[in-house]
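Peer 1: Once you've had a glance at the structure underneath, I'll fire off some questions.
Residue numbers (our numbering): 275 to 608.
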């Protein structure tokens, strides 16, 4: 029996874990997910309620032992030595595995990374691909090495992008495609007693870094296509934000428009603050169209916001938002 320690935390990682658990042929091949490693529950919301990670929830529902250490220290290694997993499978866990921990595992560890390594090494490859409006990205399954994302490659697959992807949708797609190959690698390892052959990474490396809050603040002096890419890249967490009247406002979904609707000229005549479309200051909430959304001026073109969220409030579609924010049009967002 090949005992797998699965490591991950966010929703996309939970999707992959669910797929691994769902495939009965994996168990019949002598592979079992024997334990799960995930981040500790985090306090969320106004009441700071402790919420377990999505991976934790999936493992708990499947009656799999879950470990949530703050640090992968000596105490945790002692616990791992007792259960003696054979191999680590990791997707979006967010911690570095040291040499002492890796020696516990008979076959070491493998990691699903959502980029075509060595491009976009680090913790935010999906975000970077969307921000850069790349036409292709991919997944890599690598052997875990001591230096981040430098391990030899067991598998790579290219993913075409159509510039409508969000971080959530692209991560979930990566999870589904990755699970298919993790199945294969684990089955082959159980059957042969060895990991499949891996090849060194080739090409110039590039790196991504942890997202900071200031990275997600919308700068309205940028073109609409840059702002729309930001919204897709940071949805659903942490979400892009701006401020209106000193209150934080997240814009969760939007599209690009090259111009205001014809009806906007009527709105401008009734609201002197809007003036003419050519005179709009970037960040101006210029027009509300019941059929399409809220038009907001950028340095070039407009974004049309369709889902928004006031600080400490629930996300709303643009119609519900406007019903509760009737004086929003004419506001200049900062």
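The beta-carbon is built from N, C-alpha and C at its ideal position, and this holds for glycine as well.
Predicted, not measured: the structure shown is a model, and the values here were computed from it.
DSSP on residue 309, reduced to helix/strand/coil?
Peer 2: strand
Peer 1: Among 323, 605, 280, which has the Cα closest to the Cα of residue 366?
Peer 2: 280
Peer 1: Check whether the region 508-518 and the region 409-429 touch, using three or more Cβ-Cβ pairs below 8 Å as the test.
Peer 2: no
Peer 1: Got a sec? Which residues, its chain only, sit under 8 Å from residue 567 by beta carbon, not counting five neighbours each side?
Peer 2: Only residues of its own chain outside the window of five on either side were considered, and among them 528, 529, 578, 579, 580, 592 have a CB closer than 8 Å to the CB of residue 567, listed in chain order.
Peer 1: Note the first and the last residue of the continuous alpha helix (DSSP H) segment covering residue 323.
Peer 2: Looking at the DSSP string, residue 323 is not in any alpha helix (DSSP H); the run it does join, the beta strand (DSSP E), is 323-325.
Peer 1: Using the three-state DSSP reduction, which class does residue 563 fall into: helix, strand or coil?
Peer 2: strand
Peer 1: Ends of the alpha helix (DSSP H) at residue 363?
Peer 2: From DSSP, residue 363 is part of no alpha helix (DSSP H) but of the beta strand (DSSP E) over 361-364.
Peer 1: Look at the alpha carbon of residue 550 and the alpha carbon of residue 524, and state the distance between them as a whole number of angstroms.
Peer 2: With a pLDDT of only 47 at residue 550, under the threshold of 50, the placement of this residue in the model should not be trusted, and no figure is reported.
Peer 1: With H, G and I counted as helix, E and B as strand and the rest as coil, what does DSSP make of residue 590?
Peer 2: strand
Peer 1: With DSSP collapsed to three states, give me the class of residue 441.
Peer 2: helix
Peer 1: Per the DSSP calculation, residue 518 is bridged to which residue(s)?
Peer 2: 521
Peer 1: So what does DSSP say about residue 295, is it helix, strand or coil?
Peer 2: helix
Peer 1: Using the Cα positions of residue 443 and residue 466, report the straight-line distance between them to the nearest angstrom.
Peer 2: Using only the alpha carbons, I get a separation of about 35 Å.
Peer 1: What does the Cβ neighbour count give for residue 476, buried or exposed, with the cut at 16 atoms within 10 Å?
Peer 2: Residue 476 should be labelled exposed.
Peer 1: Nearest to residue 317 by CA position, among 358, 400, 327, 299, is which residue?
Peer 2: The residue among 358, 400, 327, 299 with its C-alpha nearest the C-alpha of residue 317 is 327.
Peer 1: Could you give the DSSP three-state label for residue 483: helix, strand or coil?
Peer 2: In the structure shown, residue 483 falls within a coil segment according to DSSP collapsed to helix, strand and coil.
Peer 1: Compare the C-alpha of residue 559 against each of 608, 289, 491 and name the closest.
Peer 2: 608
Peer 1: Excluding the 5 residues flanking residue 369 on each side, which residues of the same chain have their C-beta closer than 7 Å to its C-beta?
Peer 2: Sequence-distant partners of residue 369 (beyond 5 residues in either direction) whose C-beta falls short of 7 Å from its own C-beta, in its chain, are 346.
Peer 1: Would you mind sorting residue 526 into buried or exposed? The rule is 16 or more other CB atoms within 10 Å of its CB.
Peer 2: buried
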